[in-house]
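Some notes on the structure that comes next.
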Amino acid sequence: MLAVALVVPGCSVVDAFPDGSSGGAPAPAVDAAGALTTLDTLPVKGRAPKTGYSREQFGQAWSDDVVVAGGHNGCDTRNDILRRDLVEVTYKSGTRDCIVATGTLHDTYTGTTIAFVRGQDTSTAVQIDHVVALSDAWQKGAQQLSAEQRRDLANDPRNLQAVDGPTNTQKSDSDAASWLPPNRGYRCAYVSRQITVKALYRLWVTQAEKDAMSRILHAC
114 MLAVALVVPG CSVVDAFPDG SSGGAPAPAV DAAGALTTLD TLPVKGRAPK TGYSREQFGQ
174 AWSDDVVVAG GHNGCDTRND ILRRDLVEVT YKSGTRDCIV ATGTLHDTYT GTTIAFVRGQ
234 DTSTAVQIDH VVALSDAWQK GAQQLSAEQR RDLANDPRNL QAVDGPTNTQ KSDSDAASWL
294 PPNRGYRCAY VSRQITVKAL YRLWVTQAEK DAMSRILHAC
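Per my numbering, the sequence shown starts with residue 114, numbered consecutively.
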């Protein structure tokens, strides 16, 4: 599946969702057959030890120093994704439309609508999820990637989604075998995105994870 480019104000091109949606819109129909075909190309192995994992292994959080879409545009990745996924967005003055001040998220994970207001006590209502969690990636092949590749993975718009904060916390570093979005209508797109990312970065799946992904996609 190909990413779709989306032009955003004040910065350069940022990828839309791999399923083609953008701006908080509901996910369209997923190419389940294509996702299943890609899934069958992923190696199936056991989970490697978590030894050596830290967030720092994937570079500075929300680094703009990446070669994926949105890199080197002068805006940090978190704000790139907020700007992509929220609607009715306003910006902090004097930031070249880089820092999102307010907006509305039509959350794909829960199917709810969330008001975003930047602030110490309010920003966490909307968090940026790594669709393939970084800890999961570390245990399934990312240890073999270069530092630059891991930094790209952590900031790749295809692996990032603005979501309900508490739901993101609940997910933690789970894979598809142990966690899926509460919104059943988004599960096909969610699993498809995980497969896309794992294929792009040469990561593997466990047998339980592959079985869960296959089960979801066969029901799409």
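Note that beta-carbon positions come from the ideal geometry of N, C-alpha and C, so glycine has one too.
Drop a sphere of 10 angstroms on the beta-carbon of residue i, count the other beta-carbons inside from all chains shown, and report buried for 16 or more, exposed for fewer.
{"i": "H185", "result": "exposed"}
{"i": "K253", "result": "buried"}
{"i": "D277", "result": "buried"}
{"i": "P156", "result": "exposed"}
{"i": "S167", "result": "exposed"}
{"i": "A275", "result": "buried"}
{"i": "T221", "result": "buried"}
{"i": "D249", "result": "buried"}
{"i": "D178", "result": "exposed"}
{"i": "D142", "result": "Before going on, a small fix: residue 142 reads as Ala here, not Asp. Answer is exposed; the Cβ neighbour count stays below 16."}
Is DSSP giving residue i helix, strand or coil here?
{"i": "D193", "result": "helix"}
{"i": "I308", "result": "helix"}
{"i": "T217", "result": "strand"}
{"i": "L258", "result": "coil"}
{"i": "H185", "result": "coil"}
{"i": "G232", "result": "coil"}
{"i": "A246", "result": "coil"}
{"i": "A290", "result": "coil"}
{"i": "Q240", "result": "strand"}
{"i": "Q348", "result": "This structure cannot settle anything about residue 348, because the visible part of the chain is limited to 114 through 333."}
{"i": "Y404", "result": "This structure cannot settle anything about residue 404, because the visible part of the chain is limited to 114 through 333."}
Thinking residue i and residue j are a contact (beta carbons under 8 Å), I'd like their distance in whole angstroms, please.
{"i": "N272", "j": "V310", "result": "5 Å"}
{"i": "G172", "j": "R263", "result": "7 Å"}
{"i": "A266", "j": "Y303", "result": "The sequence shown places Leu at residue 266, rather than the Ala named in the question. Actually they are not in contact, since the Cβ atoms of L266 and Y303 sit about 17 Å apart, beyond 8 Å."}
How many angstroms separate the CA atom of residue i from the CA atom of residue j?
{"i": "K163", "j": "P294", "result": "24 Å"}
{"i": "L330", "j": "T190", "result": "30 Å"}
{"i": "V180", "j": "R197", "result": "18 Å"}
{"i": "Q257", "j": "W317", "result": "12 Å"}
{"i": "A246", "j": "S176", "result": "17 Å"}
{"i": "Q233", "j": "E169", "result": "23 Å"}
{"i": "S259", "j": "N296", "result": "35 Å"}
{"i": "W251", "j": "M326", "result": "19 Å"}
{"i": "G298", "j": "C333", "result": "9 Å"}
Leaving aside the five residues before and after residue i along the sequence, list all residues of the same chain whose C-beta is less than 8 Å from its C-beta, in chain order.
{"i": "R300", "result": "L293, P294, I329"}
{"i": "T203", "result": "V213, A214, T215, G216"}
{"i": "K323", "result": "L152, L155, V157"}
{"i": "A312", "result": "T151, T154, L155"}
For residue i, I'd like the list of residues in its chain whose CB is within less than 6 Å of its CB, leaving aside the five on either flank, ordered along the chain.
{"i": "D242", "result": "Q274, V276, N281"}
{"i": "G165", "result": "none"}
To which residues of the same chain is residue i closer than 7 Å at the C-beta, ignoring the five residues directly before and after it?
{"i": "G159", "result": "T319"}
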